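Numbering (our numbering), first residue to last: 38 to 505.
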RNA sequence: GCUCCCUUCGUCUAGAGGCCUAGGACGGAGCCCUCUCAAGGCUUAAACACCGGUUCGAAUCCGGUAGGGAGCGCCA
């Protein structure tokens, strides 16, 4: 039997890190077993589902590179099927109509809570459904009242639930629309899902779903409940910390491979290995190696991974991303060769592409002011001779390249009898406007002769006139 | 309240009775390298929640305690 997994988000918000991790594990498991990964949108809550959220989820999945093999399917398109299955359950006396009003239910719940009992439906319509004029009944599933239901969870192990703890859940609302625990079962059954991999907030729903499978005469799938993902402070993930759309990560300058690599290590491990190529993840992934306990997001580690991928990634590909980030801060660059060269020069000093774009502005546009501290420190009467000397020597260079520039730098240093830093740093401030840049020879090469000389002249003038 | 789940360095984790004076990674600290910032190299601090039991021997097995979480909707 080929493995079939599904990722089934409800489109009520964006795809956040938790959902992305669940999708990743489903995707990896399917890929590992040469099976299918199915995308199913659980949009039966028409009040809260939005097309924007659907799109955001699709975009997120695509950005992370988890292409679905089937779907996306929409539950709202399966209403006929749910009705049919509900009717089947009704006919087989595995479900019944319930005419209890919401008020009645509410009262029941309050009384049970007051008695310190677990709130649940008491089954009053189960045996004697009293139809009431004008009341559209809901359909309830007749849950077994005795015995136990066992979930042989692939990550939790054997979890046993007393059926007496479960009540008769509503599978169809009074308006005829189906509810979650029912649609999940029908779809998982119809789509021949073999492994349900989902967040562990669903563990408690599992025995109910298994009972519905049983009533339908269908074999339940295997289940694997993943531990939660917590915010950096160990608190539940919320909009405040971490629960942003995965697309926000792109905007913040992260690479999808870094996000995926970060996510795969949240709750899963393969010995001590930290860096995984996509192929390795697929090859090594196994639910048996998934952890039971919740894990907190560690932004620093994500940053570290991101830089790793920036350093090791293909500069030409990264160049396009850098161009995108530059554009977002108002700089349009069409020279992809230069972009790639900047990526090479900046890779080891940028943790995100966004940082890289910000640190690379001076390569593409003129800066207005010098960084005050850097100017005070490096633009002095003492550095003026060095600046003039290097300016003159640079102007005479035949081939404008980093190695040639480096030789000039060393020649200048030797002639002046000072340390390299005494010359390099003032030059750096002169051409970049600040105290930070890639190695000065590389920086000058990238800037080009004309620009470098012009900025050097500007700096010399600035010092001569006592700041301008 | 009831049911279910979880518990190794700050964080992610290795560990499936002796290989553990508990390993790796991020982050931290220190040193080295160095034209800035980084990157890199080396070193280092830092954890088995607690209490009992089983065993010659327990981070690993069992029980309890504590703490955390989830669920208990005509939401998904």
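From the three backbone atoms N, C-alpha and C, an ideal C-beta is built for every residue, glycine too. On a predicted model such as this, the values are computed, not experimentally measured, just so you know.
Over what stretch of residues does the beta strand (DSSP E) that includes residue i continue unbroken?
i, result
"residue 262", "259-263"
"residue 236", "232-236"
"residue 195", "194-199"
"residue 133", "132-135"
"residue 177", "175-178"
Assuming contact is defined by CB atoms lying nearer than 9 Å, are residue i and residue j in contact in what I supplied?
i, j, result
"residue 355", "residue 380", "yes"
"residue 66", "residue 322", "yes"
"residue 225", "residue 398", "no"
"residue 235", "residue 45", "yes"
"residue 461", "residue 492", "no"
"residue 190", "residue 196", "yes"
"residue 206", "residue 245", "yes"
"residue 331", "residue 269", "no"
"residue 188", "residue 243", "yes"
"residue 390", "residue 421", "no"
"residue 47", "residue 96", "no"
"residue 473", "residue 427", "no"
"residue 120", "residue 227", "no"
"residue 132", "residue 252", "yes"
"residue 347", "residue 396", "no"
"residue 247", "residue 219", "no"
Once you ignore the five residues that flank residue i on each side, which residues in its own chain have a CB closer than 7 Å to its CB?
i, result
"residue 378", "483"
"residue 319", "65, 68, 69"
"residue 489", "431, 468, 481"
"residue 370", "360, 363, 376, 401"
"residue 311", "302"
Per DSSP, residue i is paired with what?
i, result
"residue 332", "266"
"residue 77", "110"
"residue 282", "53"
"residue 384", "DSSP, once it has assigned bridges, lists no residue as partnering residue 384."
"residue 41", "73"
"residue 185", "199"
"residue 209", "176, 215"
"residue 499", "In the DSSP output, where bridge partners are listed per residue, residue 499 has none listed."
"residue 273", "267"
"residue 190", "194"
"residue 91", "BP columns for residue 91 are empty, so no partner."
"residue 327", "305"
Within the same chain, show all residues whose beta-carbon is closer than 6 Å to that of residue i, passing over the 5 residues directly before and after it, in chain order.
i, result
"residue 51", "93, 282"
"residue 271", "333"
"residue 297", "101"
"residue 404", "470"
"residue 173", "211"
Check each candidate in the options and name the one with the smallest Cα separation from residue i.
i, options, result
"residue 113", "137, 86, 496", "86"
"residue 452", "260, 473, 423, 138", "423"
"residue 407", "471, 449, 347, 486", "471"
"residue 36", "126, 273, 40", "Outside the shown range of the chain (38 to 505) lies residue 36, about which nothing can therefore be said."
"residue 38", "388, 155, 49, 258", "258"
"residue 40", "55, 72, 60", "72"
"residue 304", "262, 293, 478", "262"
"residue 495", "425, 438, 448", "425"
"residue 349", "334, 314, 333", "314"
"residue 302", "286, 316, 327, 288", "327"
"residue 57", "287, 149, 48, 300", "300"
"residue 192", "312, 237, 308", "237"
"residue 159", "168, 178, 169", "178"
"residue 287", "63, 128, 101", "101"
"residue 213", "306, 129, 116, 362", "116"
"residue 182", "202, 395, 260, 411", "202"
"residue 344", "329, 367, 151, 387", "387"
"residue 475", "409, 382, 447", "382"
"residue 240", "329, 415, 53, 487", "329"
"residue 185", "433, 447, 198", "198"
"residue 167", "194, 293, 146, 135", "135"
"residue 137", "176, 147, 156", "176"
Can you name, in chain order, every residue of its own chain whose Cβ lies under 8 Å from the Cβ of residue i, other than the five neighbours on each side?
i, result
"residue 505", "For residue 505, the pLDDT reaches just 46, beneath the cut-off of 50, and the residue's location in the model is therefore unreliable, leaving the point undetermined."
"residue 450", "456, 457, 459, 460"
"residue 335", "269"
"residue 353", "373, 377"
"residue 435", "441"
"residue 216", "81, 206, 207, 208, 209, 210"
Determine the extent of the alpha helix (DSSP H) in which residue i is found, giving its start and end residues.
i, result
"residue 316", "315-321"
"residue 413", "409-415"
"residue 305", "Premise fails: residue 305 is in no alpha helix (DSSP H) and is neither H nor E."
"residue 153", "From DSSP, residue 153 is part of no alpha helix (DSSP H); its letter is neither H nor E."
"residue 430", "420-432"
"residue 361", "352-365"
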